[in-house]
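First residue of the sequence shown: 1, per our numbering; consecutive thereafter. A short worksheet on the structure shown next.
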Amino acid sequence: MSLEVSSEEESSRVRDFIIGKHVFGSLYGIPPEIADDEDYVRQAVLDAVKAANATLIEIKSWKISGHKGGVSVIALVNESHIAVHTWTEYRYATVDAYTCGDHTRPERAFQLIVERLKPQYYTYSYADRTQFPASSPVFIVKKVETRAAAVAR
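Have a look at this one:
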């Protein structure tokens with residue numbers, strides 16, 4: 001995606017900018033056997049990377065033991081990350097799918113994870129993390145130069 005420069009002298013130039021899309025949410029009422037299955041959640045995240053059209057760099061997962069145990073999985077992708085954290089006892093999970101680039105679809109990653117973790121219900125939000133979001137006003141703050149003087153002691 002590109003943004004045309006508005007000044008007359010640069011009207012023929014086009015400037016590139018970062019496109020960021022962030023889908024995140026909470027899943028409630030997940031079956032405990034799913035919330036506690038590291039391999040299953042890891043595979044769901046791997047499949048979510050493909051669904052998002054992202055490029056996998058590395059994936060890590062951990063089985064968290066103890067009273068509030070669960071699973072944590074994070075996929076580092078060339079375009080950012082996809083992460084899932086579960087709490088078995090609470091039958092709860094958080095999902096975070098953040099990608100950069102016009103070619104990516106984090107909403108597909110989020111939806112695939114929801115389908116795989118089978119919550120009774122879920123909530124989600126979307127944040128436009130584009131460098132200059134088209135749907136939001138752009139506020140440019142002028143950097144103020146400051147100088148520090150040495151203090152004699």
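Positions of the beta carbon are idealized from the N, C-alpha and C atoms, including for glycine. All figures in this text were calculated on a predicted structure; none of them were measured in a lab.
- The beta carbons of residue 58 and residue 76 sit closer together than 9 Å.
- Buried is the label assigned to residue 19, since at least 16 other Cβ atoms lie within 10 Å of its Cβ.
- Rounded to the nearest angstrom, the Cβ distance from residue 108 to residue 30 is 20 Å, too far for a contact under 8 Å.
- Burial check for residue 21: the Cβ neighbour count within 10 Å reaches 16 or more, so the residue is buried.
- A distance of 9 Å or more separates the beta carbons of residue 52 and residue 116.
- Residue 76 is bridged by DSSP to 58 and 81.
- Between residue 48 and residue 104, the C-beta gap is not smaller than 9 Å, which leaves the two residues out of contact.
- Under the three-state reduction of DSSP, residue 47 is assigned to helix.
- About 6 Å separates the CB atoms of residue 93 and residue 35; that is less than 8 Å, so the two are in contact.
- Burial is judged here by how many other beta carbons sit within 10 angstroms of a residue's own beta carbon; residue 80 has at least 16 and is buried.
- Taking C-beta separations shorter than 8 Å and ignoring five residues to either side along the sequence, the partners of residue 125 in its chain run 23, 24 and 25, following chain order.
- Residue 26 has 94 and 123 as its beta-bridge partners, per DSSP.
- Collapsing the DSSP output to three states places residue 128 in a strand.
- The C-beta separation of residue 71 from residue 63 comes to about 6 Å, placing the pair in contact by the 8 Å criterion.
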